[in-house]
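Working notes for the structure below.
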Amino acid sequence: EEYQIKDILNQDTYLVNGELKKWEGQTTAVFSTISSTAEYSPTILGSIPFMGEKEALEAVEAASAAFDHGQGLWPTMKVVDRIKCMQKFVKQMKETRSEVVKFLMWEIGKSLGDSEKEFDRTVEYINDTIDSYKELNSRSAHFSKVQGVNAMVRRSPLGVVLCLGPYNYPLNETFSLLIPALIMGNPVIFKPAKHGVLLISPLLEAFRNSFPKGAINILYGRGREVAAPVMKSGKVDILALIGNSKSAIALQDQHPNKNRLRLVLGLEAKNPAIILPEADLDLAISECIAGTLSFNGQRCTALKVLYVHESIAEEFNKRFSEKVDNLLFGNPWEKGVSLTPLPEKDKPAYIQELIDDATSKGAQIINAKGGQHSDNYIFPAVLFPVNKEMRVYKEEQFGPVVPILSFKDIQEPLNDMAESNYGQQVSLFGKDAKTIAPLIDSLVNLVSRVNLNSSCQRGPDVFPFTGRKDSAVGTLSIHDALRSFSIRTFVASKDN
Ligand code: G3H
Numbered sequence: 006e007e008y009q010i011k012d013i014l015n016q017d018t019y020l021v022n023g024e025l026k027k028w029e030g031q032t033t034a035v036f037s038t039i040s041s042t043a044e045y046s047p048t049i050l051g052s053i054p055f056m057g058e059k060e061a062l063e064a065v066e067a068a069s070a071a072f073d074h075g076q077g078l079w080p081t082m083k084v085v086d087r088i089k090c091m092q093k094f095v096k097q098m099k100e101t102r103s104e105v106v107k108f109l110m111w112e113i114g115k116s117l118g119d120s121e122k123e124f125d126r127t128v129e130y131i132n133d134t135i136d137s138y139k140e141l142n143s144r145s146a147h148f149s150k151v152q153g154v155n156a157m158v159r160r161s162p163l164g165v166v167l168c169l170g171p172y173n174y175p176l177n178e179t180f181s182l183l184i185p186a187l188i189m190g191n192p193v194i195f196k197p198a199k200h201g202v203l204l205i206s207p208l209l210e211a212f213r214n215s216f217p218k219g220a221i222n223i224l225y226g227r228g229r230e231v232a233a234p235v236m237k238s239g240k241v242d243i244l245a246l247i248g249n250s251k252s253a254i255a256l257q258d259q260h261p262n263k264n265r266l267r268l269v270l271g272l273e274a275k276n277p278a279i280i281l282p283e284a285d286l287d288l289a290i291s292e293c294i295a296g297t298l299s300f301n302g303q304r305c306t307a308l309k310v311l312y313v314h315e316s317i318a319e320e321f322n323k324r325f326s327e328k329v330d331n332l333l334f335g336n337p338w339e340k341g342v343s344l345t346p347l348p349e350k351d352k353p354a355y356i357q358e359l360i361d362d363a364t365s366k367g368a369q370i371i372n373a374k375g376g377q378h379s380d381n382y383i384f385p386a387v388l389f390p391v392n393k394e395m396r397v398y399k400e401e402q403f404g405p406v407v408p409i410l411s412f413k414d415i416q417e418p419l420n421d422m423a424e425s426n427y428g429q430q431v432s433l434f435g436k437d438a439k440t441i442a443p444l445i446d447s448l449v450n451l452v453s454r455v456n457l458n459s460s461c462q463r464g465p466d467v468f469p470f471t472g473r474k475d476s477a478v479g480t481l482s483i484h485d486a487l488r489s490f491s492i493r494t495f496v497a498s499k500d501n
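The sequence shown lines up with residues 6 to 501 when you count with the UniProt record's numbering.
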């Protein structure tokens with residue numbers, strides 16, 4: 006009862022240039038991912054403005070005016086005042102917790118526990134960013150003398166940021182771009198994800214109250230109708246996007262002066278787990294369950310392919326599959342549930358295609374429940390033996406299907422990682438220090454994070470979050486993101 010949606014939320018205002026303007030135009034309905042009936046039937050949760058070029062350009066003008074070639078109120082504001090704005094925002098944001106958590110469950114099907122975690126992690130992220138921003142400024146406020154030159158180094162804003170976040174963390178990941186961009190003095194144009202858009206509504210008033218005119222502008226609508234004109238205007242200085250590389254490339258292509266455009270991108274990954282013969286199997290299995298299937302595998306850091314040494318493959322596969330079959334599917338607020346409906350309506354059919362392709366090329370579904378599906382969910386299929394010709398090996402599934410390969414020689418997964426277009430993280434399960442130590446030296450040159458005896462993940466948020474090759478451009482995290490959204494400038498003098 007507590008988690009039911011009682012009122013439809015029609016978002017009939019939009020935030021541009023410090024004002025919540027009345028929306029008079031067409032709207033788009035927002036449907037739920039889950040339904041309260043046993044048979045899936047989507048519920049209308051509300052609606053959002055269907056915006057176009059006019060509003061996109063309005064946002065561009067507002068953000069550009071707020072920056073005003075670096076002379077505007079926001080980029081020139083004193084550090085202490087900018088901090089006050091952010092503190093005001095986070096204080097008001099905290100009051101929206103129950104509403105935002107409810108939308109996280111209904112819009113994207115995230116479990117209650119994970120939705121609460123997403124909200125709390127975001128609040129903590131903002132507070133930690135404020136602290137890190139204070140520290141960055143206190144450290145840079147000193148003169149240092151080098152070769153007769155006194156220099157005072159500081160971090161200065163870069164300009165207008167277009168910020169687009171993903172549906173799997175519509176609050177937390179989006180804010181891991183938006184908050185550092187904003188606190189560094191850059192005005193932001195933000196387009197919420199398609200799924201996970203109504204959850205921004207409870208925050209609009211807090212945004213409006215906390216930041217000066219034009220510092221934050223929020224657009225609704227389809228990417229090609231609103232993000233494209235923003236890029237085409239040539240007034241975007243940083244494209245900050247977490248999502249897929251296709252959209253990132255399309256948006257970059259629309260910018261008339263790519264040399265001027267900076268990028269902060271979190272893109273696809275295909276993180277492998279390598280399970281060595283001497284690994285603690287209980288630990289490896291439980292970490293791989295969480296790693297592959299938490300939030301139904303819809304995480305960029307999810308383990309998307311498992312390499313198990315051939316000497317333990319039979320036992321690993323049996324015990325892993327049994328554990329998968331014991332996972333509970335249900336509504337996000339139900340106790341013990343870890344598998345939930347999928348927000349993308351074509352995802353079950355896509356996962357089924359991957360399963361069919363793999364089984365037609367020699368893999369088997371090795372868990373009893375694998376592939377069972379209804380309209381908006383598909384039970385995770387564990388596939389073995391997978392080979393490199395299969396789509397499930399090549400594509401980032403971003404959903405509930407687990408490909409397993411066996412290997413004889415450690416060089417096999419290493420070669421595959423070297424050939425891969427991705428390079429975010431890896432999980433390595435083993436015990437023997439003599440085997441592990443040289444492996445780590447190789448792995449850190451293939452990815453940006455090596456997880457020993459644990460699944461892949463982004464947190465703790467103070468650690469740099471990035472990737473090699475097609476997986477990322479720039480680095481996020483509490484400390485690094487502040488650097489990604491600013492330029493190091495300095496005042497030099499030869500006076501004593
Ligand atoms: O979707 C990618 C996220 O950054 C994953 O974050 O490892 O905290 O789930 P997480």
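Backbone N, C-alpha and C define an ideal beta-carbon position, used for all residues, glycine too.
Treat the numbers as computed from the prediction; the structure is a model and nothing was measured.
Does DSSP classify residue i as helix, strand or coil?
i, result
"residue 339", "coil"
"residue 49", "strand"
"residue 116", "coil"
"residue 371", "coil"
"residue 271", "strand"
"residue 408", "strand"
"residue 447", "helix"
"residue 110", "helix"
"residue 10", "coil"
"residue 284", "coil"
"residue 470", "strand"
Going by C-alpha distance, which of the options is nearest residue i?
i, options, result
"residue 383", "369, 402 and 352", "352"
"residue 221", "229, 366 and 182", "182"
"residue 270", "135, 291, 250 and 150", "250"
"residue 226", "26, 58 and 105", "58"
"residue 486", "92, 228 and 246", "246"
"residue 253", "169, 214, 234 and 293", "169"
"residue 28", "48, 46, 60 and 11", "60"
"residue 452", "422, 234 and 36", "422"
"residue 37", "30, 13 and 491", "13"
"residue 95", "22, 213, 26 and 231", "213"
"residue 261", "492, 233 and 64", "233"
"residue 295", "343, 110, 316 and 268", "343"
"residue 236", "66, 34 and 402", "66"
"residue 208", "122, 91, 338 and 303", "91"
Out of curiosity, what's the CA-to-CA distance linking residue i and residue j?
i, j, result
"residue 2", "residue 499", "No information on residue 2 is available, as it lies outside the stretch 6 to 501 that the chain covers here."
"residue 449", "residue 455", "6 Å"
"residue 2", "residue 197", "Nothing can be reported for residue 2: it is not among the residues displayed for the chain, which extend from 6 to 501."
"residue 300", "residue 158", "43 Å"
"residue 348", "residue 305", "16 Å"
"residue 420", "residue 39", "41 Å"
"residue 321", "residue 186", "44 Å"
"residue 472", "residue 466", "15 Å"
"residue 496", "residue 177", "36 Å"
"residue 86", "residue 9", "40 Å"
"residue 102", "residue 89", "21 Å"
"residue 77", "residue 215", "16 Å"
"residue 153", "residue 145", "19 Å"
"residue 98", "residue 362", "46 Å"
"residue 71", "residue 379", "49 Å"
"residue 81", "residue 268", "23 Å"
Who are the Cβ neighbours of residue i in its own chain at under 8 Å, not counting the five residues just before and after it?
i, result
"residue 15", "32, 51 and 52"
"residue 433", "278, 279, 281, 441, 444, 445, 448, 455, 456, 457 and 458"
"residue 327", "372"
"residue 366", "392, 394 and 395"
Residues bridged to residue i by DSSP?
i, result
"residue 276", "308"
"residue 457", "433"
"residue 168", "195 and 245"
"residue 1", "Any property of residue 1 remains undetermined from this structure, which presents the chain solely from 6 to 501."
"residue 225", "Residue 225 is not bridged to any residue."
Can you name, in chain order, every residue of its own chain whose Cβ lies under 6 Å from the Cβ of residue i, other than the five neighbours on each side?
i, result
"residue 330", "372, 373 and 374"
For residue i, which residues of its own chain have a beta-carbon under 7 Å away from its beta-carbon, when the five flanking residues on both sides are left out?
i, result
"residue 418", "277, 279, 312 and 412"
"residue 47", "36, 37 and 40"
"residue 161", "491, 492 and 494"
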